[in-house]
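Peer 1: Respectively, the protein sequence lines represent chains A, U and G. In this text, residue positions in the first sequence follow my numbering: the first is 6, and each later residue adds one. In this text, residue positions in the second sequence follow my numbering: the first is 103, and each later residue adds one. In this text, residue positions in the third sequence follow my numbering: the first is 96, and each later residue adds one. Beta carbons are placed, not taken as given, at the ideal position from N, Cα and C, and that holds for glycine. Note that this is a predicted model, so its numbers are computed, not measured. Okay, handing you the structure first.
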Amino acid sequence: MSQHLLTFAILFPLVGAVLIAVVGRTVSERDARILALITALATFGVSLLVLRDFQTGVIGYQMVDRAWWVRSLGLQYLVGVDGISLWLVLLTTFLFPISILASWKIETNVARYMVAMLVLESAVLGSFVALDLLLFFLFFEAILVPMYLIIGGWGSGNRVYAAIKFFLFTMAGSAFLLVAILFLYARSGQAGPPSFELGRLTQVATALPVQTARWLFLAFFVAFAVKVPLFPLHTWLPDAHTEAPTAGSVLLAGVLLKVGTYGLLRFNLSMFPQASSYFATFVSVLAVIGIVYGAVCALIQTDVKRLVAYSSVSHLGFVVLGIFAFTQQAVTGGVLQMVNHGLATGALFLLVGMVYERTHTRELAEMGGLASVMPWLLGAFLFVVFASVGLPGLNSFVGEFLVIVGTFAVSHTFGSLSAIAVVLAAIYLLWSYQRVAYGPLREEHRHLPDLSGREVAVLAPVLALLLVFGIYPKLLTRSIDPSTCAAIAQVRSSQTCADVGSAAVPAAAEGQP
Amino acid sequence: MVSHTNSALWVIPALPLATAVINLFVGRRLGRWAGWLASASVIVSFAVSVALVSELVAKPAEDRLFLQHLFDWISVGRLVVGMDLRLDSLSATMILVITGIGALIHVYAVGYMDGDPRFGRFFSYMNLFVFFMLMLVLGANYLVLYLGWEGVGLCSYLLIGFWSDVPANAEAAKKAFITTRIGDTLMLIGLALIVSRFGTLDFQTVFGTAGTVLTKDAATAIALLLFAGAIGKSAQVPLHVWLPDAMAGPTPVSALIHAATMVTAGVYLVVRSHVLFELSGVALTVVLVVGVVTAVFAATCAIAQQDIKRVLAYSTIGQLGFMFMAAGMRAYSVAMFFLVAHAFYKALLFLGAGSVIHGMHDEQDLRQMGGLRRLMPITFVAFAVGALAQAGIPPLVGFFAKDAVLEVAQHTGREVVYVLGAFAAFLSAFYLGRMLYLTFFGEARSDPARNAREAPPVMWVPLAILAVGAATAEWLNLTPEGRLTGFLESVTGATPAGHGLAVAELAAVATIISIVALGLTWWIYGSGRVDWIGFRERLEPLPRAALNGWYVDRGYDTVVIQPAKAGAWITAYVVDARIIDGAVNAIGGGVKRLAEGGRLLQTGFVRSYALAVFLGAVAILVYVGARQ
Amino acid sequence: MRTPVAYYLMLSGILFMLGTVGVLTRKNALLIFMSVELQLNAVNLALVAFSRLHDDLTGQVLAFFSMVVAAAEVVVGLAIIVAIYRRRRSVDVDDVRELRW
C-alpha cells in the first residue's frame, strides 16, 4: 500500500481532471468547483499518509514505486521521495486546495479551469517525485501547458504576451536539458542496458571527463535557472505573475519556481558534484546579484503584484545561494526557504488577490486607507508582510538565517551582501503595505466588505503554518537534514557534511572565495 | 555542579503573550475590560518576577543563575539553538523594570486610551511588546535575544502607527522600523560571525570561551556589528533620526517603548556582551565616543523643540548616550543603574506629558501651554519630580545616576569625557527647566491651556507611584544590604575605580551645574522678565537648525534616500525593463522579423509550389548526375 | 524475345513529363489531380520494368504499395476537391489561397 502512495498522489488529480472534463458540461459550475476541491483535498490526504509513513533519519529514497514501460529501451516509471522532496510534495498538495478555494470567484469556463489546475497539480507532484530523468522531463514540460492556459485564459490585461513569454522562456531552457538527458542516456547505453534512471545516470555522469561534465552541468543549470528564476533570466516572472489570476500567481510562486531550485539541488548537485563546486562561485554571484537586484527593483514598483514578483526573485536567490554554499545549514536553510517562500509569498498573492477582487486595481497609488474598512484582511496582510520581511518567530526568518549563517561560514562577502536584502525587504514591503493600508481612504472604497468565511478558510491554514514553522522548524529540518547532508557529502567528497556547528568548518576555504 | 534549571521562567513572558492573543481576537467585545485584563497580566507577571528574583537573590552570588530550556528552536546539523531562558542578576534587573514600569504604564493607558475605537487592539500590541521585551532580556542565547529584538521592533511599528489614518504617523512607524532594521541587519551579520567562530550562539559558551577562540580583530568585528544593532535600537547617532518622529504614537507607547524599555535594549546588549567588547578594546572606545557625541548632540536639539514630546524624545536619546558613556568606560553596572533610574523618571515625564496633552485635548505645543500648575496640580508635582530628578537635583535618583557616570569618567582620567558629560548635563537641566516653566508657570497662552483639566485617578495614581519611585529609587543603590551595582557585578564585573576628585566635590559641582541651569531657565522662561520669543528670534537661524535636529534628516534625504530612489528607478525601469527585458524582446522580435520575411515566399499559388518542387527535383538530379 | 527495358523507360518518361506539364500548367484542380495520377503511373511502370529486368519482385511490391497509396490519395483528394467545389462553386487552384499565412 505505502509503496504506491506517491503514484496515487499523482493519479488522484489526474483522475479528478478527467472526471470534470467528462461531466463538466452537464454539471453546474458549483459542482465542478466542489469536485475539484474534493480531489485536491483527497490528494492532500494521500500526501499526509506519505508524511505518516516517511521514516525520518533514513538516507535515500523511500516509497519507491517502479513500473516498466519499454524495458529494452530503459523506459520506465520510477518515483520516490526523500527528505527534500517530501516537503515540496506536501507544500504542493497543501497549496492546491487553497488555490482552488481561492478561485471560487472564477466564472468563465469553470470546468476547464479546474481541469487545468488539477493537471497542473499532477505534473508538479510528478516532477518532485520522479527518479527517472525522462519521466522528470515529461512532468517538467507538462507543467507548462496547464500553466500557460491558466495565465493565457484567465489572466488579466496583457495575459497572452505574459503566457507566451513564460512558455517560450521555459521551453528554451528545457531544450538544453533534453539534450543533456539524451546525451547521458546514450552514454549509459555504452555500458549495459540504456537507462534514464537517476541512480544510473548519476554513475554515468560522475564518470564523465571533467570538461564534459561541466558542459552538461551548464545545460541542466540553464533549464533550472530559468525556472527559479535566476538573474538575468528572470524577466518572464514579473509579467507572468502580474497577468496570472490569483491562484495562478500563488501556484507559480508557491510551487512552480521550486521545481527550478529543486532541480538544481536534486540533479545538478548530485549528478555533477565536481562541476557544481567548480561553478559554485559563479552561481553564488548570480544568486547574490539576484537577491539584491530583485529587492532593488521591488523598491520602486507601483504594481503590487509586480512588486511581489520581484521580491520572489530576491527570495529565490537566497535558496540558490544556500544550495551552492554546500554547508549543512545553508542547504537545509535553502530547502526550508523553498517551503517558507511558498507559504509566505503564496499567502501574499492570496491577499493581493483578495484586495484586487474588491478594489479592481493593482496600482498602489489607487489604494490607501484600506485598513480602516477591512481591518481583518489588512491585519492578515500585515502578518504575512512581516513573515516575508523575515521577522524571527515567523517562518521565513529561519530559512534566511540558516542561509546567511551557512553561507557566511564559507564566504563573508556573500553572507554579508545577502543580508542587505533583509533591510531592503523591510523597506519595500512596509512601504507598499503603508500605501495599501494607511493614509486617506478613497470614496469608492468606503463600503468594501472584510474577509468572508471562505476567505478565512483560505487564509487561516496558511497563516497558522507561517507561525508554526517559525517557532518549531524542527518539524521540517529533522527530515530534511539527512538528505541535504548526503547531497553535501557528495559535493565535498567527504564523509561528513560541512557543518558550522563544529568549532571550525572543514574545508571552509576550499574552492570558495 | 549546581543545577540551575528553574521551570517557572516561562510564565513571565507567557502571561502577556496570552492576554495579547485574547485581546487581539476578542478585545473588541471585552470593552474596557481589555485594558484591565492586559494590565492584570503584566502585574501578575511582575509578581512572578519578584518571586523569582527574590529566590535568585537568596542564593550566594556566584550561584545566581536560573536556566530553562523550552524546546529546540533551530537545530540543523550541529548548530542547535534552543528556546532557552536565562535569569541572572542582569536579566533580573531588566524584567523588574519591564514588568514593574510596564504595569504602571498599562494602568495609566486604561485611562489615556479610554474611548479609542481600537482600545482592545492597543492593549494587545502593548502586551505583545511586553512579551517580546521579556524574551529579549530573558533569552539565553543571541537568537532568542534577536527574536525579542525584532519583536519589539514590530510592536514599536504597530504602536507608533497606531493612529494610522494620519499619513505622518504611518510614515513615522515605517521610518522607525526601517532605520532600526539597518542596525539589526548588521547585528544579524554579527550573529553569523559568532556562529562561524563559536558554532553556537549560547551566551554561556560564547562568553566562556571567547578569550581563547577570538582574535582581537574578530572580537572587534563582532562587537562593532552588535553595537550597530544597539545604535539602531537605542537611537544613537547616526541612527537616532527615528526616535523624535516615533512620538507620533500614543503617549503611553512613548513612555513604555521609547523611553523606559525598548530603547534601552541596546544598553542591555552591550552590557550583556561586555566580554566581547572588552576583548576588542577598540569597540569600547567606539561605544564611549558614540555615547558622548549623542549625549551632547541630543541635548542641543532638545533645547529648541517646541513639541513637549519631542523635547522628551531628544532627552531620551541623550540619556541613552549617558548609559553608553558608562558602558564604554567599562562601568556596566553604573550603566544599568542609570538605565533603571532613567526608566523611572523618563516614564514619569512621558506620562506627565501625556496627562498634560490629555488635559489640553491633544495639544502638544509648549507655546500654547503655560500656567498649568494651578489646573493640574497632581500632574505638576509628578512632572516636576521627574524633571528635577533628571536634571540631577539631589536627593532624587537622577542625581546619583548621572553623578556615578561622571565620577567614573573623572576617576579614570577621561577629563574630556567628564567635561562633555557635565556640559550635556547642564544642557539637559536647561531644557528640562525650560519645559517645566513653559508648561506649568507663567500665564496660560491659549484657550486649551485656560480650560485644562486634571487627569482622572486611573492616570494620576500611576503618576504618583512613579514620582515616588523617581524620588526614592536611589535606595536601590544605597541600601546597606547590597547595592544594585554590586548585585549586578556577578554578571558585569566590578566598576573600574581610580583616583581623582573626591566624590563629595564631584557631587557639589554637579549640583551647582544643575541649579545654575535651572536658575537660568527660570530667569528666561519663568520670571516673565525676558522676552523669550524675541530672544529666540534674535538667535536665528540656530534655534531653527536645532529644532530640525541640525538637518540630519534632510541630509539623509539628499545623500541617501533620493539617490537610492533614483538608483532603484534606473535599475527597475532602465536596466531591467529596457536592457535585460529589452534583450529578451529583441530576440523575440528578431525571430518574428525573420519569419515575416520568410512567409512572403508563400504565395498561395499551388502551381508555383509545384514548379518549385519540379525545379528542385531537377536540381537534385543534375547534382547527382554531375557527381558521377 | 524481350522488349528492351529502354522502351518501357522511354514510355514511362514521356508519361511522367506529360503529367508534370499537366501539374504545372493546369488551373483546374481535377486536371492537376489526374496529371499527378499520370506521374504515379509512370513511376509504377518504371518500377515494374526494372523488376522484370532484375528478376526481383521488390519492384512489383513497391508498385502495389504505390497503387494503394494512390488509391487512398484519390479518396482523400477527391473528397477535398468536392468539398471545395461545394463551398465556392469552383475548383480553380489559384482561387484557393486563404491558408497561405
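1. At the 9 Å Cβ level, is Leu713(U) part of the contact set with chain G, yes or no?
2. Using 9 Å as the threshold, is the C-beta distance between Leu83(A) and Leu203(A) below it?
3. Under 7 Å between beta-carbons, which chain A residues line up against Ala294(U)? List them in chain order, please.
4. So which residues of chain G does Arg709(U) contact, with C-beta pairs closer than 9 Å?
5. In terms of residues, what are the limits of the beta strand (DSSP E) holding Phe168(U)?
6. Ala292(A) touches chain U at which residues, Cβ-Cβ below 8 Å?
7. In terms of residues, what are the limits of the beta strand (DSSP E) holding Tyr82(A)?
8. Taking 9 Å as the threshold (beta carbon to beta carbon), is Ile15(A) in contact with chain U?
9. Taking only three categories from DSSP, how would you classify Ala14(A)?
10. Asp304(U) touches chain A at which residues, Cβ-Cβ below 8 Å?
11. Leaving aside the five residues before and after Met379(A) along the sequence, list all residues of the same chain whose C-beta is less than 7 Å from its C-beta, in chain order.
12. Drop a sphere of 10 angstroms on the beta-carbon of Tyr443(A), count the other beta-carbons inside from all chains shown, and report buried for 16 or more, exposed for fewer.
13. Please determine, among Asp464(U), Arg555(U), Leu441(U) and Leu414(U), the residue with the shortest C-alpha to C-alpha distance to Ile480(U).
14. Within 10 angstroms of its Cβ, does His601(U) collect 16 or more other Cβ (buried), or is it exposed?
15. From Leu491(U) to Gly523(U), what distance separates their C-alpha atoms?
16. Straight-line CA distance for Leu468(U) to Ala546(U)?
17. For Arg97(G), I'd like the list of residues in its chain whose CB is within less than 6 Å of its CB, leaving aside the five on either flank, ordered along the chain.
18. Please state the DSSP three-state secondary structure of Arg121(G).
19. Using a Cβ cut-off of 7 Å, which residues of the stretch 108–121 of chain U contact any Cβ in chain A, in chain order?
20. How far does the alpha helix (DSSP H) with Met561(U) in it extend, from its first residue to its last?
21. If you measure from the beta carbon of Leu256(U) to each beta carbon in chain A, is any gap under 9 Å?
22. Against Val479(A), what residues of chain U qualify as contacts under a CB-to-CB distance less than 7 Å, listed in chain order?
23. Can you give me the C-alpha to C-alpha distance between Thr201(U) and Tyr477(A), rounded to a whole angstrom?
24. Could you check the C-alpha separation between Ser507(A) and Phe485(U) for me, to the nearest Å?
25. Out of curiosity, what's the CA-to-CA distance linking Ala167(G) and Leu183(A)?
26. Note the first and the last residue of the continuous beta strand (DSSP E) segment covering Met185(U).
27. Is the stretch 601–617 of chain U touching the stretch 498–505 of chain U, taking contact as three or more C-beta pairs under 8 Å?
28. What would DSSP say about Arg631(U), mapped onto helix, strand or coil?
29. Excluding the 5 residues flanking Met105(G) on each side, which residues of the same chain have their C-beta closer than 7 Å to its C-beta?
30. Run through DSSP, which three-state label would Gly241(U) get?
31. For Arg289(U), report the span of its alpha helix (DSSP H) as first-last.
32. Starting from the Cα of Tyr533(U), find the closest Cα among Val232(U), Gln408(U), Arg475(U) and Leu378(U) and give me that residue.
33. What are the residues that DSSP puts in a beta bridge with Gln67(A)?
34. Answer yes or no: does any C-beta atom of chain U fall closer than 9 Å to that of Gly516(A)?
35. Which residues in the same chain have their Cβ closer than 7 Å to the Cβ of Gly334(U), if we skip the five residues on either side of it in sequence?
36. Taking Cβ-Cβ distances below 8 Å as the criterion, which residues of the stretch 262–290 of chain U are in contact with chain G?
Peer 2: On the basis of the supplied data:
1. yes
2. yes
3. Ile409, Val410, Phe413 and Gly420
4. Val118, Leu119, Thr120, Arg121, Lys122, Ile127, Val188 and Asp189
5. Phe168 to Val178
6. Chain order gives no chain U residues near Ala292(A), where near means a beta carbon separation below 8 Å; the closest approach is about 16 Å.
7. Leu80 to Val86
8. no
9. helix
10. Result: empty, since nearest Cβ-Cβ is about 12 Å, beyond 8 Å.
11. Only Leu453 and Asp455 meet the Cβ criterion.
12. buried
13. Arg555(U)
14. Counting Cβ neighbours within 10 Å, His601(U) comes out exposed, since fewer than 16 surround it.
15. Looking at the sequence itself, residue 491(U) is Ala, so the reference to Leu does not match. Using only the alpha carbons, I get a separation of about 17 Å.
16. Approximately 11 Å between the Cα atoms of the pair.
17. Contacts found: none.
18. Here Arg121(G) sits in coil by DSSP.
19. none
20. Pro559 to Thr574
21. yes
22. Correcting the residue identity first, residue 479(A) is Lys in this sequence and not Val. The contacting residues are Asp174 and Ser177.
23. 27 Å
24. Model confidence at Ser507(A) stands at a pLDDT of 47, short of 50, so the residue's coordinates are unreliable; what they give is reported in the following sentence. Going from the Cα of Ser507(A) to the Cα of Phe485(U) covers about 55 Å.
25. 38 Å
26. According to the DSSP assignment, Met185(U) belongs to the beta strand (DSSP E) that extends over Leu181 to Leu189.
27. Put simply, the stretch 601–617 of chain U touches the stretch 498–505 of chain U. At least three CB pairs are less than 8 Å apart.
28. DSSP places Arg631(U) in coil when its eight states are reduced to three.
29. none
30. strand
31. Looking at the sequence itself, residue 289(U) is Met, so the reference to Arg does not match. Note, Met289(U): alpha helix (DSSP H), Pro269 to Phe300.
32. Gln408(U)
33. Val86(A)
34. Here the model assigns Gly516(A) a pLDDT of 34, short of 50, so the residue's position is not dependable, and the following value carries that caveat. Not one chain U Cβ lies under 9 Å of Gly516(A).
35. Thr281, Thr282, Ile284, Gly285, Asp286 and Leu341
36. none
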